[in-house]
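Residue numbers (our numbering), protein chains in the order written: chain A, 348 to 823; chain B, 66 to 544; chain C, 19 to 120. Think of the CB as a built atom: it goes at the ideal place given N, C-alpha and C, for glycine as much as any other residue.
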């Protein structure tokens, strides 16, 4: 018997704001417990929420980037449940009138293009964090309470784990390049829940759904879905039935494990949040945000490869993060040669970041620095070798390359009135080399260049020296 | 010091002239409260060391140095705030409600927090963890509720004015029962930041005072925009005292027949007398109909309880408030803290609200109530298209006896039929004394369209000037 | 609509409240009569009527994205009312199971 799978994904993105969605508490990582909180986050008696405008702005960016229809009027709702990390015992979300609906993204799987629908996306608040102790107690930190989230709910349009994987990859890239979220699964700024059901081919109605929550990586998503597909097939083939349930992916065994069986839908008693008035999203505002919307990764790829002539591999490396792509674009805008800039980004810059385990945002190198340095190389002011020294200084200390080169006397020696007498002298002093050169030994030139470099402490422009030596030797 | 014959103006004059110092006034006020509260139990917290603000400016701030009572569901930084509940009986706020910040800026003096029905749910101030408040006109009667402590404190001369909150009549009904003026402003006129929520779409802070003008003075201070509350209006706040001292010639007064049919005997007569007074002075009286009046009680109880069930979930014993002892696990903490911490009436409403929102009930109850609410709002819009104010009774009877509490909640809820429409429609409404029935005060209700408190003050002030009810001293305070 | 003891028990679970058997009986009766009264609403024709969930004077009220620390990063005032705490955390008894809303 053949089976068909139906897969749907719910993806939460933490939106990149400075303050929380309903309170002005700062949003940051790694702060001491409960220091990034205020009376609103604590749900103290008498407090009220006040919506952060930027949360809508970032949400609208994602909606635009996924071709979703933005609702002209949205309203927040309350989802009621008790849990220590949920201080009001309700989460403010958008249940009845979400931010946007009916979007889609296009993926390519097994060489075929496919459009996967986005059912809806809504903004809501994150909960705090519970740490479970071994002593019979749990510990609650409300720093994360109120961090803005965007939940993107797909249509159940995916039929195999590869499609789910491709959808996630594409969605991440889209959201990443709007700048709305950091999209880092390891930091929790992107979180994935999946659901999958299977049914015999030809059967119309969908099978019973199994949910999997908080998967750690795209690979886990793919593996857990593949495992579930097989497991559910075996259950059905052996005459069993699938339980409406939540399962967990066990990384060690590669299997999914039953967490709990759901008996009917949960009763969250949703109702419209009376403390927040409706929000009208005007077309003018949407247009304004559309203008600010950064170029997508796909447009940028096209520019890099077709306009700049960068190799596809290098273009993809640049596009791994929005930060590196933005940096590169800014360097090109500052006058850098695109190919050279791409080379420097992908070798020297990335090398430095990897070696020092830092992010691009954390280093002192600016796109203008990079552009300036490339210009210095191109106009022969410094050699590539010197450039590496300059780069090391600039990225570590933010020193201006041109200034640094001048101050340290690193300017390449190309002045003929200085170099010509030196060449004449070095040839005079090494008659053996003239002999070797005449006998066709190329090494002779290398030796003589080395002598000049020694005398000029590496500053002589090797191209110029080579040319002069060739001329001098030929004249002997 | 008692305030039976004082007004904000008279006190301001005494303070400005140095006849009495603000320090002395604070001291005397606390002393008098402690003394008279043996009878009334109008206060949950009295600040023994109450002190006026510094650098008082009596010419700029009318309220400078004048003690104002605060209902105990309005949070006060560093002063215990309980909402009259066991579950918050040790709660110490770390911030001020916006109305408190505004009163502080106006240099009012704070002497303590007044008694109320737990979480403002009730109409007798018997549902308080801190015991019932007594009516100054007859100590065996209830002061009404839920702002019964504020009402009794004002009527009993303990303070010249007090803040209350009104979700379904909680300012107007106790004001009527105590023979004082009380106004629930338009929803959105006064910030709710720091008001312990009962029903967020209905709650509104207001003022209670013996004299109409004093409420206008206090409302002038507490009204207006607030960056903490997105449901509060940014409209300019008029000087409400400007509406006083006017006549009612040409004032278009609507009298809903459903409201008059709800009262009979002396009660009806007392109300009719006020309508006649307005008519004799040139007001145009129109009999109107509020056809959905019979549905306001279920509409209100569904909406208010639903919101309350959610608003009161935060009292879970985790972050503040009462936590039950001897709990085995988290579920135990929740269930025991809440079951031991809330009183019966609060639990009843939480249950009703959770039910109305639960799967299978939402469309039938919550959604239907929200639709009927629209029809109720439409009824008012129609009337206000042709009328300036609506008048009628506030309650169907004068204050009832303490302990006479009706055990049938449906009957009890039906008592609110005349006051809750104003909350559902978000319109301003007040109660002004309309005389005595069986020796107990009753009130005339005055409503106007949204943000038209002006006409409410104008009408109430006219009634007050003609009746001079304020000259009467509450019979329970004589000894 | 019939309110049974099971309905009352279910709603009590949702509300995190517990009642004695006596109280359940009493509540069942009272809830029954309240719901009975509320059922009158069904007779109102609300076909095509919008819902009113709030009566507000303005909409689309936003705050600018400006972070502010509570009282100079002092969490102590916020922690003051916490029944049990440890190292800046709120301490709670072990969580047996994530909310199920049975």
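Query, Result
"For residue 523 (chain B), name the three-state secondary structure that DSSP assigns.", "helix"
"Scan the stretch 725-757 of chain A for residues whose Cβ lies nearer than 9 Å to a Cβ of chain B and list them as they occur along the chain.", "none"
"So which of B:226, B:466, B:95 and B:165 has the shortest CA-CA distance to residue 208 (chain B)?", "B:466"
"Three Cβ pairs or more, each shorter than 8 Å: is that satisfied between the stretch 483-499 of chain B and the stretch 242-250 of chain B?", "yes"
"Determine the closest residue to residue 244 (chain B) out of B:260, B:201, B:258 and B:224, with distance taken between C-alpha atoms.", "B:201"
"Looking at the structure shown, is residue 258 (chain B) part of a helix, part of a strand, or coil, going by DSSP?", "coil"
"Could you tell me whether the Cβ atoms of residue 475 (chain A) and residue 487 (chain A) are closer together than 7 Å?", "yes"
"Identify the residues that DSSP records as bridge partners of residue 559 (chain A): which are they?", "A:541 and A:594"
"Helix, strand or coil for residue 505 (chain B)? Go by DSSP, reduced to three states.", "strand"
"Is any beta-carbon of chain C found at less than 7 Å from that of residue 382 (chain A)?", "yes"
"Hey, how far is the Cα of residue 746 (chain A) from the Cα of residue 502 (chain A)?", "51 Å"
"Count Cβ pairs between the stretch 208-220 of chain B and the stretch 20-37 of chain C that sit closer than 8 Å; are there 3 or more?", "no"
"Identify the contact partners of residue 627 (chain A) in chain C, using a Cβ-Cβ distance below 7 Å as the criterion.", "77 and 78"
"Starting from the Cα of residue 381 (chain A), find the closest Cα among C:44, C:30, C:33 and C:92 and give me that residue.", "C:92"
"Determine the direct distance from the alpha carbon of residue 178 (chain B) to that of residue 144 (chain B), and round the result to whole angstroms.", "9 Å"
"Indicate the three-state DSSP secondary structure (helix, strand or coil) for residue 617 (chain A) in the structure shown.", "coil"
"Any idea what DSSP makes of residue 116 (chain C), helix, strand or coil?", "The predicted position of residue 116 (chain C) is uncertain, since its pLDDT is 48 and thus under 50; a value taken from the coordinates is nonetheless stated next. If DSSP states are grouped into helix, strand and coil, residue 116 (chain C) belongs with coil."
"Can you give me the start and stop residues for the beta strand (DSSP E) that residue 438 (chain A) sits inside?", "437-444"
"Measuring CB to CB, does residue 695 (chain A) end up less than 7 Å from residue 730 (chain A)?", "no"
"Within 10 angstroms of its Cβ, does residue 548 (chain A) collect 16 or more other Cβ (buried), or is it exposed?", "exposed"
"Against chain B, with Cβ distances strictly below 7 Å, would residue 120 (chain C) count as a contact?", "Note on residue 120 (chain C): pLDDT 34, under 50, position unreliable in the model; the coordinate value appears next. Chain B, which has no Cβ nearer than 7 Å to the Cβ of residue 120 (chain C), makes this no."
"Any idea what DSSP makes of residue 752 (chain A), helix, strand or coil?", "helix"
"What first and last residue would you give for the alpha helix (DSSP H) that runs through residue 350 (chain B)?", "Not the alpha helix (DSSP H): residue 350 (chain B) falls in the beta strand (DSSP E), residues 349-353."
"So the candidates are B:382, B:68 and B:254; which of them puts its Cα closest to the Cα of residue 825 (chain A)?", "The structure shown does not extend to residue 825 (chain A), since chain A is modelled only from 348 to 823, so the question has no answer here."
"Hey, does residue 354 (chain B) have any beta-carbon neighbour from chain C nearer than 7 Å?", "no"
"Classify residue 584 (chain A): buried if its beta carbon has 16 or more other beta carbons within 10 angstroms, exposed otherwise.", "exposed"
"Would residue 29 (chain C) count as contacting chain A if we go by Cβ distances under 7 Å?", "no"
"Taking the alpha carbon of residue 333 (chain B) as the reference point, which residue from B:458, B:453 and B:272 has its own alpha carbon closest?", "B:458"
"Below 7 Å CB to CB, which residues in the same chain sit around residue 643 (chain A) once its five sequence neighbours on both sides are set aside?", "412, 521 and 524"
"So for residue 77 (chain B), helix, strand or coil by DSSP?", "helix"
"With three or more beta-carbon pairs closer than 8 Å as the criterion, would you say the stretch 374-390 of chain B touches the stretch 60-71 of chain C?", "no"
"Buried or exposed for residue 376 (chain A), please, with buried defined as at least 16 other CB atoms from any protein chain shown within 10 angstroms of its CB.", "exposed"
"Distance cutoff 7 Å, beta carbons only. Does residue 624 (chain A) sit that close to anything in chain B?", "yes"
"Mind checking which residues open and close the beta strand (DSSP E) that includes residue 107 (chain C)?", "107-111"
"Exposed or buried, which one is residue 719 (chain A) when buried takes at least 16 other CB atoms within 10 Å?", "buried"
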